[in-house]
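The numbering of the sequence shown is our numbering, which starts it at 31 and goes up by one. For every residue, glycine included, the Cβ atom is placed at its ideal position computed from N, Cα and C. In what follows, a single structure is set out as structure tokens and then discussed.
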Amino acid sequence: MSATPIRVLIIDDELPLRQELRTMPWHSFGAELAGEAENGEEALELCEALKPDLVISDITMPIMDGLELFRRVKKRFPLIQFVLLTCHSDFHYAQEALKLGALDYFTKLSFDEEDMKALIEKAREAIRREVDLKQYEQERMKREIASLPESEVSDIRKIRREVLLAQRIIENKLGEPITLVTVSAEVGLSSYYLSRLFREETGESFNDYVTRLRIEKAMNLLQTTQLKVYEVAEQVGIPSYRYFSQLFRNWTGVAPTDYKKG
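Laid out in structure tokens, this is it:
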């Protein structure tokens, strides 16, 4: 049985380079071209819509450069692998990206089919390692919950272990997209049952719990760090500045900018 194709998204503001990449024999590499964008802002939207496995991006682009795009993609979609295409003058940016966790970088003039073939395989191995690590962390959390002494369970009002596990998962993923569907799958319950159980055991809905933790973390970051409001929003898993500001005001009664000043 053949492996699932690696879904690739390419980003470059130069049409000739995108056209050249389109002609790559993707299927022979075990990959498929999922889409393309000409700037970082458009690329973020496509990452949300297409869920690619691998992003290949130019560094120097209008609106949002490749390095900033890389930071935002890895924050919101940690399993997506990221490769930068550079000019020689961009080399120090590429080195910085590697330090931050980029998969690789290539200079535009020397990039060829053999490089792409090797890159696809490298991406496949990196994804496999990260999935294995994620599964290991989930199993570790389950073991921790299962090993809690009964006295500790009573201290937290005998909350069902499945709900405790869901709470741990949420706390560990506040900076990522969190849905009832994904958390219930990790816990091993149906979405409907976890939702009902969560409210019964904690007194609040799943969504309210997630939002409360995000707002509490945002309040702490606004008061204790120099992060800008939009950066705080990204740190707590709400990439839309406008939505974050509205949500923050609804929960606290003040705008995040005013809260930070105060």
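Do residue j and residue i come within 9 Å of each other at the CB atom, strictly closer than that value?
{"i": "L80", "j": "E160", "result": "no"}
{"i": "S220", "j": "S235", "result": "no"}
{"i": "D83", "j": "R37", "result": "yes"}
{"i": "K247", "j": "L204", "result": "yes"}
{"i": "R106", "j": "P286", "result": "no"}
{"i": "E71", "j": "M54", "result": "no"}
{"i": "A67", "j": "Q111", "result": "no"}
{"i": "R101", "j": "L130", "result": "yes"}
Going by DSSP, what residues sit across from residue i in a beta bridge?
{"i": "S87", "result": "I41 and L114"}
{"i": "E50", "result": "Paired residue(s): none; E50 is not in a bridge."}
{"i": "E261", "result": "Looking at the DSSP assignment, E261 forms no beta bridge with any residue, so it has no partner."}
{"i": "L63", "result": "V38"}
Work out the CA separation of residue j and residue i for me, nearest whole Å.
{"i": "L195", "j": "E206", "result": "17 Å"}
{"i": "R198", "j": "Y273", "result": "25 Å"}
{"i": "P46", "j": "E98", "result": "23 Å"}
{"i": "G283", "j": "Y222", "result": "32 Å"}
{"i": "N69", "j": "Q49", "result": "15 Å"}
{"i": "K290", "j": "K147", "result": "48 Å"}
{"i": "L277", "j": "Q265", "result": "15 Å"}
{"i": "L210", "j": "R190", "result": "17 Å"}
{"i": "A64", "j": "V113", "result": "15 Å"}
{"i": "N14", "j": "N280", "result": "Outside the shown range of the chain, which is 31 to 292, sits residue 14, and nothing can be said about it."}
{"i": "D145", "j": "Y135", "result": "10 Å"}
{"i": "V217", "j": "E261", "result": "30 Å"}
{"i": "S140", "j": "G267", "result": "37 Å"}
{"i": "K188", "j": "S275", "result": "Residue confidence for K188 is low, a pLDDT of 47 falling below 50, so the modelled location carries little weight and cannot support an answer."}
{"i": "L115", "j": "E143", "result": "14 Å"}
{"i": "I200", "j": "P92", "result": "35 Å"}
{"i": "A215", "j": "I208", "result": "12 Å"}
{"i": "D185", "j": "R158", "result": "Any answer about D185 is weak, because its pLDDT of 48 lies below 50 and its placement is not dependable; what the coordinates show is given next. C-alpha separation (whole angstroms): 39 Å."}
{"i": "T34", "j": "K104", "result": "22 Å"}
Would you kindly report the start and end of the unbroken alpha helix (DSSP H) that includes residue i?
{"i": "E78", "result": "G70 to L80"}
{"i": "D238", "result": "F236 to T254"}
{"i": "E192", "result": "R191 to N202"}
{"i": "P286", "result": "P286 to K291"}
{"i": "F308", "result": "Nothing in the structure corresponds to residue 308, since the chain is present only between 31 and 292."}
{"i": "F278", "result": "Y271 to T282"}
{"i": "V266", "result": "Looking at the DSSP string, V266 is not in any alpha helix (DSSP H), and its letter there is neither H nor E."}
{"i": "E206", "result": "Taken as a continuous stretch (DSSP letters only), E206 belongs to no alpha helix (DSSP H), as it is neither H nor E."}
{"i": "F100", "result": "G96 to R106"}
How far does the beta strand (DSSP E) with residue i in it reach, from first residue to last?
{"i": "D134", "result": "D134 to T137"}
Quiz item: Are there three or more Cβ pairs, one per stretch, closer than 8 Å when the stretch 242 to 255 is compared with the stretch 218 to 232?
Solution: Result no; under three Cβ-Cβ pairs closer than 8 Å.
Quiz item: Are three or more beta carbon pairs between the stretch 121 to 135 and the stretch 65 to 80 nearer than 8 Å?
Solution: no
Quiz item: Can at least three beta-carbon pairs, one atom from the stretch 32 to 50 and one from the stretch 79 to 97, be found at a separation below 8 Å?
Solution: Output reads yes: the stretch 79 to 97 touches the stretch 32 to 50.
Quiz item: Is it true that the stretch 145 to 159 meets the stretch 57 to 66, where meeting means three or more beta-carbon pairs spaced less than 8 Å apart?
Solution: yes
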